[in-house]
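A short worksheet on the structure shown next.
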């Protein structure tokens, strides 16, 4: 039986100047590179496959399998692109990782690049996190200076360059094909698949795109073995991962645990829902994952567990809302986010979210009319599963799951403003004068 | 109040402000733009960083900046404009010395972000996407900035200002206005938005070693594990 | 089975079977579901999909249900049929058989309409609008949307010609994809994002593309309109006629729309083998010249030095008197605007009625070797075996000599670009500099000073199956046409001559050259003359050598030619405009057949008004030798007076009947005549060309010596697509999208001259000079200057110089 919490990625976050190469190396950093470079690339890929590591960015695709899709006979250069465009509402795990230990990612990138025969790798970091970018830029420079990057790494004959690339404000660039277009200097709009990035990605060349946490998990796997990794977690959801607890809890924060921990356990660790309040609803993995309620407190937080209750593990971003929260208001704000972030390429997302926001505002203001809940659901049905990428599916998921669990609260929007049912100041962490509750 | 107010007439959308043709782009900037283009296997990949650089020089995406990027990359001005207007970090009009962001995506909004925005807006006397007349502050309602365990969150020049309260926000603005030294809760000393943009363009400012390794919330799980003696399995245990 | 499907016969291995709405259909592998459905007559609604653009899947209108993807498992979600490749055994259910598909499509239409204005009654597209049509066919009667629609200031002039009404736009991105993929002019792009996304341009760089009108045509709503047609008509009030464009030798099919006997607009026709579904802005918008006050509607005769209106019999009598007085001392200048049938009429008129071989269609600089080249390589050929548009795509390598496709044959340019994008085509151009057009073709530019093309051509490695395209300018370089023919023959590459004007190819076929009778028969060949004389039922044809256009005009100027019969031409199109004017003025008698007043009618003794292109039928042969039907767009109560009818009337009055007076008769007679087969069997009409091996220079040309701010350089030039040509008169918005007139020089020459970008330089030729702003052009060959041939205010004909001549370049020259 593994321990409740298993810090691996986060083990060194608190050490003195943890972001420096010196501090990272002092805790065993960069040992895995040496190990990996003595293996063949295929052996590295196989090791990651055997470990059962699945993508930590939301979709949960097996990482090693993704690497193995890169065609060996393609004459074009191969590319590794790390998706550090962490923007999903509620998601806040990659940024602390990069802030505290950017070298973990650099080491993972060297190993992954080696496995897929890549010589130029990119980290695409959202632009709105200046200090994270500073730390990453410096880590890459330190790695060059120490001979972990550049030509003939550690005398192995293997060469690798890493480019740290700042985005410029677009949630959609977290979608891997939109990220590629953005990295090519274009508008970040998703691409048609096929061809898949593994065949024709960046510059129409074979490309692997992985989440920060996925790649950062690789050095530990190389160092400790696939069996070690698989000893944590559940049958199909192996290894440790970072859970991010936020919202109305006493102590929000990052918890690295084996996959399959439950929200009840995490709430216990974080001191529970804030004093005097109780859990109303929560997201398992960001706003795009259908919301759950107290009845799901004991469902394992792994890919299968969350799928089994009609939600998704997503990014393991557990946003907790207590009973003071208006689900109508929260849903509106999420859909406003999707409307703001819709790239505009496809009709249902562009027009549908524009419409949903207007309709939800009517619910919030108590000005919806009889039948609007069904209309809301029908519009969601016209959007869901019909848009170009998954962004709009996420928008629809938060609406339909909210209605599923709290339909009566929406129906209350036929007559009563949400701020009357749930005075907004009560949800805030500080005193808010009631006068601010003036609405359109 | 939900903020993103419904609007049906978009009079000024579609391009950057073509009426302001001022620019500080000089040959040195051009050579830095070319340097950025040279960092990638295909030069156009540098467009986002190049536009960050344009902002650091001109305080916004200027027409001259669009033309410079088009020239360096050999693409059309319309293509550059399409990119410049897609991403929210690119500004059409000059921002303040300090660019203040208040997160009002669902979780932050609920936990006090809405009230914070209102307080900040009142104090500065400007609404979102506006700049104070003295040019010190510009304000933006931002979307989730990946710091939810520190909610409600504000950003100044894209540095984290975690666990905000109205009182802390007022103090922060007062300090910035007075030119006092201000530190990000998980970042460096606050400089200016333009200097931040230069770093985002890919020209480091040497401040990576400032600030802590992590915030308290980031270390929470690790500290609980330490307190309980919990660790990941030892590799030997598997054999 | 005795019956095989066509597809079976083509490539049975590549066929797969899918089932759409219960109907099995075999389609080539790689076919998109939406195309497969079209094959069996099932129309799936769509907006972003366009068969000639890369699939994008943006509008999501074409959703279908796929219960079985061919692997036994269905897709859990409906699929966009425009991006879904058919797989063997795939089951597809469209809106006709699937509730899922129907609901998805209805929902999508509702989304598209929530922000779409209800301005159909005042929208140009109303009545032919895919959005309107599909909303009626597949949408729901009422919208559930209760908000305020998104609005923008309108319209935005994205160029002088193209206007954008953003609130009507459904963001299908057809226009931006066209500009990027098809024409390579991405001066428009999607800007902003999300619900604010819109088509935009950079205000200082308007969408001045030669192909901009296509975006209006493919816009599935009324978001893009043209200044020329906006608010001109309702689609349902228009009468449409399929016809062929008269502006160049491309042979684009057009759909010309008229209302109240006025052409209101022209659209690209659908001719997959020719222009696909595109055309150029000149072909689309330049149709108003001669529709104004300068239109000649009644015959004119000169009396006391001035033209006066005359009756038809009076004018015919006057013309007959003048021509009869000239005896056999007459010549015919036909120009490039004639249909094949009209050209045939002139050819026969010259030989049978005037008794001369002096006839020439080349109202432009012509080369000494050109006629022999045309006789050997062009005349008497047919589409069978000729290089075609489609061949260009798959040729592997196309070499351009004396030919700038984007300016001179825009649909060849588009087809080459398609080949480059889709079929791995390589383009090499022998040209003085890398033009924008060359860049869009990713072409290898062999920078060549005018005159040195032969050496450059011989230095290229061409292979069998490659294509060599020579433009009409090639005739001005001695030996170049012959070298092209020889290179083609020795390498197995295929050769095609691309003339500029729509009537040129037909004129060659009709025998509008002194040395050629119809069907490629040499006028010098006795047997050929006997052959034609028999067909024409005359005793004999003139055996004396005829004069070419320059020769006729020179002879007329010297008083040695007594009469000229002239169809549409402009003096500035010739090498030396002054010489043309002198010829017209000193010819004893000039008969002009024209539709509008011109420099020729000003100098004519009798002027006959002839029909406009939209008023009579005929045929244009394009550069491929492909016949394109010209149909009557504007029906008239009486048969219009065409060139052919006027010629027939004159012939009758002169007592030597022409035998044909309608296009139908003329075409029948020409077809009956057939093409020439040399009875000797060797058919080597190609004269021994002087192959000037000595011109093979391998040294790079040097920067010319600059003395006192002057340099002697070679003149490089071609016509820009939109220029001072009179056929474009009257369409101001089109003219506003023209490329500027510039003098291009290399950086070294600019430095030697001491001029900076935009400074004025004077270009001087034999008979004059003009001044242009300098464009310093990196990579431009040394020792040359490039200027446009006929841009407004600067026609080269006035300088008396042609491509390859020496001109003097000097600093300044502002007037």
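Residue numbers (this note's numbering), protein chains in the order written: chain A, 1 to 440; chain B, 441 to 679; chain C, 680 to 1494.
By construction, the Cβ of each residue, glycine as well, lies at the ideal position given by its N, Cα and C atoms.
The model shown is predicted, which means the values in this text are computed figures rather than measured ones.
6 Å CB neighbourhood of residue i in its chain, flanking five on each side removed
| i | result |
| --- | --- |
| residue 1260 of chain C | 1250 |
| residue 396 of chain A | 380, 383 and 384 |
Contact set between residue i and chain C, taken where Cβ atoms lie within less than 9 Å
| i | result |
| --- | --- |
| residue 490 of chain B | Within chain C, no residue comes near residue 490 of chain B; the closest Cβ sits about 16 Å away, beyond 9 Å. |
Member of the options whose CA lies at the smallest distance from the CA of residue i
| i | options | result |
| --- | --- | --- |
| residue 1185 of chain C | C:1045, C:1021 and C:1120 | C:1021 |
| residue 399 of chain A | A:311, A:169 and A:114 | A:311 |
| residue 350 of chain A | C:794, C:726 and C:909 | C:794 |
| residue 293 of chain A | A:325, A:53 and A:176 | A:325 |
| residue 129 of chain A | B:628, B:476 and B:497 | B:628 |
| residue 1150 of chain C | C:1244, C:1219 and C:1303 | C:1303 |
| residue 831 of chain C | C:850, C:802, C:866 and C:875 | C:875 |
| residue 1098 of chain C | C:1087, C:1072 and C:1122 | C:1072 |
| residue 356 of chain A | A:334, A:343 and A:366 | A:334 |
Residue-level contact to chain A via CB, residue i, 8 Å cutoff
| i | result |
| --- | --- |
| residue 482 of chain B | yes |
| residue 526 of chain B | yes |
| residue 625 of chain B | no |
Listed by chain order, chain C residues near residue i by CB distance under 8 Å
| i | result |
| --- | --- |
| residue 355 of chain A | 790, 793, 824 and 826 |
Cutoff 7 Å; reference residue i; Cβ partners in own chain excluding five residues on either side
| i | result |
| --- | --- |
| residue 604 of chain B | 556, 592, 593 and 594 |
| residue 1069 of chain C | 952 |
| residue 313 of chain A | 60, 284, 285, 301, 302, 303 and 306 |
| residue 226 of chain A | 47, 50 and 51 |
Contact list for residue i against chain A, beta-carbon separation under 7 Å
| i | result |
| --- | --- |
| residue 529 of chain B | 127, 128, 168 and 169 |
| residue 723 of chain B | For chain B, the structure presents residues 441 to 679; residue 723 of chain B sits outside this window and is missing. |
| residue 876 of chain C | 344 and 350 |
Chain-ordered chain B contacts of residue i [CB-CB under 8 Å]
| i | result |
| --- | --- |
| residue 252 of chain A | 588, 589, 590, 591, 657 and 660 |
| residue 1050 of chain C | What residue 1050 of chain C touches in chain B: nothing, since even the nearest Cβ is about 44 Å away. |
CB contact below 8 Å: residue i versus chain C
| i | result |
| --- | --- |
| residue 506 of chain B | yes |
| residue 458 of chain B | yes |
| residue 187 of chain A | yes |
| residue 4 of chain A | no |
| residue 544 of chain B | no |
| residue 192 of chain A | yes |
| residue 405 of chain A | no |
Other residues of its chain near residue i: CB distance less than 8 Å, five sequence neighbours each side excluded
| i | result |
| --- | --- |
| residue 1371 of chain C | Low per-residue confidence applies at residue 1371 of chain C: pLDDT is 34, beneath 50, and the placement is therefore not dependable enough to give any value. |
| residue 703 of chain C | 696 and 697 |
Chain-ordered neighbours of residue i on chain A, where CB pairs are closer than 8 Å
| i | result |
| --- | --- |
| residue 787 of chain C | 347, 348, 382 and 386 |
| residue 756 of chain C | 385 and 386 |
Interface flag, residue i vs chain B, CB-CB below 8 Å
| i | result |
| --- | --- |
| residue 1091 of chain C | no |
| residue 410 of chain A | no |
| residue 881 of chain C | yes |
| residue 1361 of chain C | Legend: pLDDT at residue 1361 of chain C = 45, less than 50; position of this residue unreliable, value from coordinates given subsequently. For residue 1361 of chain C, the answer is no, since every Cβ of chain B falls outside 8 Å of its Cβ. |
| residue 839 of chain C | no |
Amino acids of chain B, ordered along the chain, whose beta-carbon sits closer than 9 Å to that of residue i
| i | result |
| --- | --- |
| residue 7 of chain A | 661, 662, 665, 666, 670, 671 and 672 |
**Message:** Within 8 Å, do at least three Cβ pairs link the stretch 1020-1036 of chain C to the stretch 1186-1206 of chain C?
**Reply:** The stretch 1186-1206 of chain C and the stretch 1020-1036 of chain C touch, with no fewer than 3 CB-CB distances between them shorter than 8 Å.
**Message:** Could you check whether the stretch 229-246 of chain A touches the stretch 255-270 of chain A, counting it as contact only if at least three pairs of C-beta atoms, one from each stretch, sit closer than 8 Å?
**Reply:** Segments in contact, yes.
**Asked** So, do the stretch 1408-1427 of chain C and the stretch 902-916 of chain C have three or more beta carbon pairs nearer to each other than 8 Å?
**Response** Flag = yes, the stretch 1408-1427 of chain C and the stretch 902-916 of chain C touch.
**Request:** Check whether the stretch 1057-1067 of chain C touches the stretch 1195-1209 of chain C, taking contact to mean three or more Cβ pairs, one atom from each stretch, closer than 8 Å.
**Result:** Result yes; three or more Cβ-Cβ pairs closer than 8 Å.
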